[in-house]
Amino acid sequence: MKEVSKSWSTRVWVGLGEALLDESKRLLLLARIGRWLRYALRGLVGGYVLFLVGLWMGFRWLGEGNLTMAFLLYVPWLTWALPLVPLLALALLMDWKSLVFGGLAGAVVMSGLAGWSWHRVVEVGKDRGRSLTVFSFNRGQSQGASQRPFIAQVKPDILVFQEARGRASQFLQAEGYEAFKFGDSVGEYTLVSKFPVLSTSLVVHEGHAVAGRFVIDWDGREVAVYSVHLRTPRDALLAMRRGAFLWGVLGVPGTKGGEKRRAYEEFWDRQVESAEVVVKACREEKLPMVVAGDFNAPAPGYIHQLLTEEMIDTHEVAGWGGGYTFPGRTGNPLALRRPWLRIDKILCSEHWRPQWNMVEPEQPSQHRALAAQLTWVDEG
Numbered sequence: 001m002k003e004v005s006k007s008w009s010t011r012v013w014v015g016l017g018e019a020l021l022d023e024s025k026r027l028l029l030l031a032r033i034g035r036w037l038r039y040a041l042r043g044l045v046g047g048y049v050l051f052l053v054g055l056w057m058g059f060r061w062l063g064e065g066n067l068t069m070a071f072l073l074y075v076p077w078l079t080w081a082l083p084l085v086p087l088l089a090l091a092l093l094m095d096w097k098s099l100v101f102g103g104l105a106g107a108v109v110m111s112g113l114a115g116w117s118w119h120r121v122v123e124v125g126k127d128r129g130r131s132l133t134v135f136s137f138n139r140g141q142s143q144g145a146s147q148r149p150f151i152a153q154v155k156p157d158i159l160v161f162q163e164a165r166g167r168a169s170q171f172l173q174a175e176g177y178e179a180f181k182f183g184d185s186v187g188e189y190t191l192v193s194k195f196p197v198l199s200t201s202l203v204v205h206e207g208h209a210v211a212g213r214f215v216i217d218w219d220g221r222e223v224a225v226y227s228v229h230l231r232t233p234r235d236a237l238l239a240m241r242r243g244a245f246l247w248g249v250l251g252v253p254g255t256k257g258g259e260k261r262r263a264y265e266e267f268w269d270r271q272v273e274s275a276e277v278v279v280k281a282c283r284e285e286k287l288p289m290v291v292a293g294d295f296n297a298p299a300p301g302y303i304h305q306l307l308t309e310e311m312i313d314t315h316e317v318a319g320w321g322g323g324y325t326f327p328g329r330t331g332n333p334l335a336l337r338r339p340w341l342r343i344d345k346i347l348c349s350e351h352w353r354p355q356w357n358m359v360e361p362e363q364p365s366q367h368r369a370l371a372a373q374l375t376w377v378d379e380g
């Protein structure tokens with residue numbers, strides 16, 4: 001066998017040497033190598049685009065229902081774009097087909113992964129007749145940041161707060177909130193409004209109030225406003241960051257890995273159940289509704305899909321860019337030191353047509369506030 005192997009390798013090297021000495025053979029060899037490299041590059045580019053498509057579908061269909069997908073949902077989206085850079089750089093030098101396919105397909109898939117929206121920018125703060133402008137903010141760890149400049153810019157009709165227990169009277173007496181005459185608090189939720197607040201109640205899951213429901217009198221029409229705050233996944237993510245998130249793939253039922261997987265999945269199971277409680281309340285709502293708050297559910301995850309199956313996402317319909325609200329301030333270079341998660345949202349029922357959606361400029365707070373304008377859709 002050694003002699004056969006030696007003979008074969010010898011023939012290869014001899015043939016290569018002859019090809020290099022003969023100009024015509026040398027050109028033929030170089031052309032063949034170039035063709036092989038182009039095929040390999042096309043395979044790498046196509047394979048990575050397929051990986052991105054699979055990741056996108058995994059986020060939408062599994063998301064928080066799977067440990068691995070739940071963890072990866074919170075990774076800065078730029079992480080997934082980085083491997084395309086050297087591949088497209090090589091394609092620029094070697095194969096224009098790979099460049100065109102990788103560039104176009106990569107841009108489309110990354111747009112979905114990043115949750116970008118490309119609707120025309122309209123004038124913010126303009127009165128559009130029968131409209132309701134909604135402001136939402138989780139004021140936990142706000143670092144003393146003031147939302148008054150943003151409120152003055154967007155001119156909201158209602159302010160929806162989370163982590164603002166019993167703050168209604170304080171807001172109504174504060175400078176910059178003179179336009180708001182009504183307000184109420186229930187649990188950690190506070191609503192400050194230009195319209196009378198008729199009633200309040202809580203939406204509860206396993207003893208935890210996942211939302212506050214307020215009913216306002218909007219020019220003679222009752223409107224339900226939900227302020228939502230699902231549990232923070234911070235501890236669950238920290239527990240998985242050293243590799244435990246891989247049990248979502250490796251944790252086969254009936255094995256020790258499966259047991260570890262179940263232990264880590266408990267939080268995410270409750271999170272999905274909490275979202276389903278909110279969705280059920282909204283599905284059964286008889287009044288026109290606005291649903292705003294900190295959902296702790298990044299787009300395009302599974303919980304996000306649950307919510308948008310029942311309600312209109314104002315960012316998807318009338319937003320521009322990523323609409324990212326968290327973390328408000330970060331030094332993460334993979335996120336270009338900017339927010340990369342859209343976990344705060346403003347949703348609405350089909351009684352409304354979103355006109356615009358925007359996030360406040362840079363703030364030191366943990367979350368950034370957002371606002372959206374909704375116009376009433378005439379009945380009949």
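According to UniProt numbering, the sequence shown is numbered sequentially starting from 1.
Cβ atoms here follow ideal geometry from the backbone N, Cα and C, with glycine treated the same way.
Model, not experiment: these values are computed from the prediction.
Collapsed DSSP secondary structure at residue i in the structure displayed
{"i": "V252", "result": "Note on V252: pLDDT 48, under 50, position unreliable in the model; no value is reported."}
{"i": "Y74", "result": "coil"}
{"i": "I343", "result": "coil"}
{"i": "R231", "result": "coil"}
{"i": "residue 406", "result": "Nothing about residue 406 can be reported from this structure: the residues present for the chain run from 1 to 380 only."}
{"i": "A211", "result": "strand"}
{"i": "V49", "result": "helix"}
{"i": "G187", "result": "coil"}
{"i": "R165", "result": "coil"}
{"i": "V160", "result": "strand"}
{"i": "V154", "result": "helix"}
{"i": "K2", "result": "At K2, the pLDDT of 48 sits below 50, so the modelled position is not reliable and the matter cannot be decided from this model."}
{"i": "D217", "result": "strand"}
{"i": "V359", "result": "strand"}
Straight-line gap, residue i to residue j (C-alpha atoms, nearest Å)
{"i": "F135", "j": "V85", "result": "38 Å"}
{"i": "S98", "j": "A335", "result": "27 Å"}
{"i": "P327", "j": "E188", "result": "21 Å"}
{"i": "L88", "j": "G46", "result": "11 Å"}
{"i": "R60", "j": "E178", "result": "43 Å"}
{"i": "R139", "j": "Q363", "result": "12 Å"}
{"i": "E206", "j": "A372", "result": "31 Å"}
{"i": "Q173", "j": "P361", "result": "25 Å"}
{"i": "G112", "j": "G34", "result": "34 Å"}
{"i": "S274", "j": "F295", "result": "10 Å"}
{"i": "R167", "j": "L191", "result": "9 Å"}
{"i": "F171", "j": "S201", "result": "20 Å"}
{"i": "residue 447", "j": "E310", "result": "No statement about residue 447 is possible, as the shown extent of the chain runs from 1 to 380 and does not include it."}
{"i": "M358", "j": "A152", "result": "14 Å"}
{"i": "L93", "j": "R32", "result": "17 Å"}
{"i": "R329", "j": "Q366", "result": "7 Å"}
{"i": "V223", "j": "S117", "result": "27 Å"}
{"i": "P76", "j": "L37", "result": "31 Å"}
Best match in the options for proximity to residue i [C-alpha to C-alpha]
{"i": "residue 393", "options": "L78, K155 and G63", "result": "With the chain covering 1 to 380 only, the question about residue 393 has no answer from this structure."}
{"i": "L78", "options": "N332, G144, D378 and Q153", "result": "N332"}
{"i": "Q271", "options": "L44, E284, E316 and T232", "result": "T232"}
{"i": "V215", "options": "M94, V160 and M110", "result": "V160"}
{"i": "V204", "options": "E222, L92, V278 and L238", "result": "V278"}
{"i": "E284", "options": "S227, K345, S349 and E266", "result": "S349"}
{"i": "A211", "options": "E265, I158 and A281", "result": "A281"}
{"i": "H229", "options": "Y74, A70, D344 and G34", "result": "D344"}
{"i": "L55", "options": "G43, F71 and R148", "result": "F71"}
{"i": "residue 391", "options": "R338, F267, R148 and E222", "result": "Absent from the structure is residue 391, since the part of the chain shown begins at 1 and ends at 380."}
{"i": "P298", "options": "M69, A152 and W36", "result": "M69"}
{"i": "V122", "options": "W320, L341, R342 and W352", "result": "W320"}
{"i": "R368", "options": "G322, W352 and G65", "result": "G322"}
{"i": "L82", "options": "G58, V377, M110 and D217", "result": "M110"}
{"i": "T133", "options": "R120, A239, D157 and K181", "result": "D157"}
Below-8 Å beta-carbon distance, residue i vs any chain B residue
{"i": "V124", "result": "You won't find chain B in this structure, because it holds only one protein chain."}
> Are there three or more Cβ pairs, one per stretch, closer than 8 Å when the region 95-111 is compared with the region 293-309?
Replying inline: The answer is no - the region 293-309 does not touch the region 95-111, with fewer than three Cβ pairs under 8 Å.
> Does the count of Cβ pairs from the region 277-296 and the region 40-55 closer than 8 Å reach three?
Replying inline: no
>> Quick check on the DSSP output: what are the complete beta strand (DSSP E) runs of length 3 or more inside the region 273-302, in order along the chain?
In response: 289-294
> Unbroken alpha helix (DSSP H) runs of length 4 or more, entirely within the region 305-330: which are they?
Replying inline: 314-318
> What runs of the alpha helix (DSSP H), each 4 residues or longer, lie entirely inside the region 91-147?
Replying inline: Listed in chain order, the alpha helix (DSSP H) runs fully inside the region 91-147 are 96-114, counting runs of at least 4 residues.
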